[in-house]
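By the count of our numbering, the sequence shown reaches residue 379 at its end, each step adding exactly one.
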Amino acid sequence: TYHRNMIRRWVLSLHNSVTYVPYLLSGPDYPNVTWEKTTMKNIGIDFSVLKDRIWGSFDMFRNDVTNLLGYDSASPLSMTSSVPMNYGHYVRYGWDATINSLNFEIPRVFKWTSQLTLSHHNAVWKERMPNYYYEEYRIRKNEPVNAYYYYETEGVINIDKSNMPESQKSLPADAQQPGYPIIKDANGDNKITIDDVKMRNTLPKIHIGFGNTFVYKDFDLDVFMYGQFGRTRYNYAYRWALVGDVYYTSPKNSNKYVYTIWNSQTNQNGNRRGIASTKAVALPGNVGFEEDYQNASFVRVRNITLGYNLSGKKLGRVGDYVSSIRVFIDCQNPFTFTKFVGVDPEIKTGGDGSKAEYPMTRTYSFGAKICF
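Structure (structure tokens):
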């Protein structure tokens, strides 16, 4: 039960000309309010074929989350402005697959095995919380929980406005100035409204992991890579380039995207919005621009490890003191393949208030494991 101990203090004193009036030290009990409820359903299968040379599993799941904890307006006679309530319903669903294989083997000489993992996860609203304000374009059935909204753009308005479409004239005057993004009239009605707002899901469409292990006599090599596809994310490198163009005019500005911004005097061929767009323009629905988001799909080589193992007679006289020795060289995050132009396609920024990002560290290490 959602619970708050209620303590009221009633004090009236004229001491030192101070008057104390009743106040609520903490909230009251709400016996009808509960924690959210999750109903989990899943089904899976394990398989093995070709005399166990290929084996794996496949699982599907659906989690219905209901009785979400929110707030509703309190009655006029209540001592609080709002009261907790249970409402809302969203669904998390997806699947996970794992495939292992013994690709090639020469007993005691060579062995090659692989593991492939694939997964898809999503979450959609079935019933939103009431008494909350939602822009009209956000009230959609099966809307992704991780959705974001944007206007598509078609370049920027040039210096003489000769390329400004008729639909742009339906926006405030500041949105009709040179350097401002040309917002695409998606439905062709010659005006920009919330009907032109587009939606995307920030969650990846698919996660993938792929590992290979090679063993040749006393040597072994492990290579693991993973990736995310169909992922879109906000690029703060673009946003800070815009801020830098406005406030930091030093040519030493380290953000290279400053030089892609349209400028009426120095860069009329810039393909990104210019200084004019930093003015507070209230677009319909208060939606941002497509250009702030980027394709953040990537494949990253997570680690490469090369090892050499010694045991038994191969240790010689050292074998009188130790049972085995393993030496190895390891490299973490050596390569990343992506079209994302920011610092790192995987590092999350923005939503938690942090604007800077630091890339995954590339490390090299050498070690030895000695068993006595």
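For glycine and all other residues, C-beta sits at the position ideal for the given N, C-alpha and C. All values derive from a computational prediction rather than experimental measurement.
Asked: Tell me the DSSP secondary structure of proline 291 in three-state form.; Found: helix
Asked: Would you grab the beta carbon distance between tyrosine 97 and serine 89 for me? Rounded to a whole angstrom, and I think it's under 8 Å.; Found: At roughly 22 Å, the Cβ-Cβ gap does not stay under 8 Å, so tyrosine 97 and serine 89 are not in contact.
Asked: Measuring alpha carbon to alpha carbon, tell me which of Asp53, Ala81, Thr209 and Pro172 ends up nearest asparagine 129.; Found: Thr209
Asked: Helix, strand or coil: which one does DSSP assign to isoleucine 190?; Found: strand
Asked: What is the rounded straight-line gap between the Cα of tyrosine 300 and the Cα of tyrosine 233?; Found: 22 Å
Asked: Tell me which residues share the same chain as alanine 182 and place their Cβ nearer than 6 Å to its Cβ, disregarding the 5 neighbours each side in the sequence.; Found: Val288
Asked: Comparing C-alpha positions only, which one of Leu178, Pro179, Ala193 and Glu143 sits nearest to glutamate 161?; Found: Ala193
Asked: For the beta strand (DSSP E) containing tyrosine 328, name the first residue and the last one.; Found: No beta strand (DSSP E) contains tyrosine 328, which DSSP labels as neither H nor E.
Asked: For valine 131, I'd like the list of residues in its chain whose CB is within less than 6 Å of its CB, leaving aside the five on either flank, ordered along the chain.; Found: Val98, Asn149 and Pro151
Asked: Please list the terminal residues of the continuous beta strand (DSSP E) segment that includes methionine 92.; Found: 89–113
Asked: Is DSSP giving leucine 84 helix, strand or coil here?; Found: coil
Asked: Report the three-state DSSP secondary structure of lysine 205 (helix, strand or coil).; Found: strand
Asked: By the 10 Å Cβ neighbour count, where 16 or more other Cβ atoms means buried, how is arginine 238 classified, buried or exposed?; Found: buried
Asked: Can you tell me the Cα-Cα spacing of leucine 57 and asparagine 107, whole angstroms?; Found: 12 Å
Asked: Round the Cβ separation of asparagine 74 and asparagine 49 to the nearest angstrom and send it over; I've been treating them as touching at under 8 Å.; Found: Not really, about 21 Å apart at Cβ, beyond 8 Å.
Asked: Run through the DSSP bridge pairs and tell me what arginine 279 is partnered with.; Found: Ile268
Asked: Since I believe serine 304 is in contact with threonine 345 (beta carbons under 8 Å), could you give me their beta-carbon distance rounded to a whole number of angstroms?; Found: 7 Å
Asked: Using the Cα positions of serine 20 and valine 40, report the straight-line distance between them to the nearest angstrom.; Found: Residue confidence for serine 20 is low, a pLDDT of 42 falling below 50, so the modelled location carries little weight and cannot support an answer.
Asked: Reducing DSSP to helix, strand and coil, say where lysine 212 ends up.; Found: coil
Asked: Give me, in chain order, the residues of the same chain whose beta-carbon lies closer than 8 Å to that of alanine 375; leave out the 5 immediate sequence neighbours on both sides.; Found: Ile332, Arg333, Val334 and Phe335
Asked: Using a 10 Å radius around the Cβ and a threshold of 16 neighbouring Cβ atoms, would you call serine 174 buried or exposed?; Found: buried
Asked: If distances are taken between C-alpha atoms only, which option among Ser271, Arg309, Phe347 and Asn293 comes closest to threonine 370?; Found: Arg309
Asked: Quick one: using the 10 Å Cβ neighbour count with 16 as the cut-off for buried, is phenylalanine 111 buried or exposed?; Found: exposed
Asked: Is it right to say proline 341 is buried, meaning 16 or more other beta carbons lie within 10 angstroms of its own, or is it exposed?; Found: exposed
Asked: Give the single residue among Tyr141, Val204, Tyr37 and Ile199 whose Cα lies nearest to the Cα of methionine 171.; Found: Ile199
Asked: What is the DSSP secondary structure of glutamate 143, counted as helix, strand or coil?; Found: helix
Asked: In terms of alpha-carbon separation, which member of Asp327, Thr87 and Gly295 lies closest to isoleucine 377?; Found: Asp327
Asked: Identify, in the order they occur along the chain, each residue of the same chain with its Cβ nearer than 6 Å to the Cβ of glutamate 134, setting aside the five sequence neighbours on each side.; Found: Gly95 and His96
Asked: To the nearest angstrom, report how far apart aspartate 227 and threonine 312 are at their CA atoms.; Found: 8 Å
Asked: Which same chain residues, not among the five before or five after threonine 256, have their C-beta less than 7 Å away from its C-beta?; Found: With a pLDDT of only 46 at threonine 256, under the threshold of 50, the placement of this residue in the model should not be trusted; the figure read from the coordinates follows. Contacts found: none.
Asked: Among Asp167, Phe296, Asn316 and Glu298, which residue has its Cα nearest to the Cα of glutamine 275?; Found: Asp167
Asked: Which value, in whole angstroms, describes the spacing of the CA atoms of leucine 125 and proline 91?; Found: 40 Å
Asked: Distance, Cα to Cα, alanine 283 vs asparagine 165?; Found: Confidence in alanine 283 is poor, its pLDDT being 48 and thus under 50, which makes the residue's placement unreliable; the coordinate value appears in the next sentence. Distance between the alpha carbons of alanine 283 and asparagine 165: 12 Å.
Asked: Taking DSSP as the reference, what is the three-state secondary structure of serine 304?; Found: coil
Asked: Given histidine 22, which residues of its chain have a CB within under 8 Å of its CB, disregarding the five upstream and five downstream residues?; Found: Per-residue confidence for histidine 22 stands at a pLDDT of 47, beneath the threshold of 50, marking its modelled position as unreliable; the derived number appears in the next sentence. Once the five neighbours on either side are set aside, histidine 22 has no close Cβ partner at all.
Asked: Whole angstroms are fine: how far does the CA of valine 294 sit from the CA of leucine 76?; Found: 27 Å
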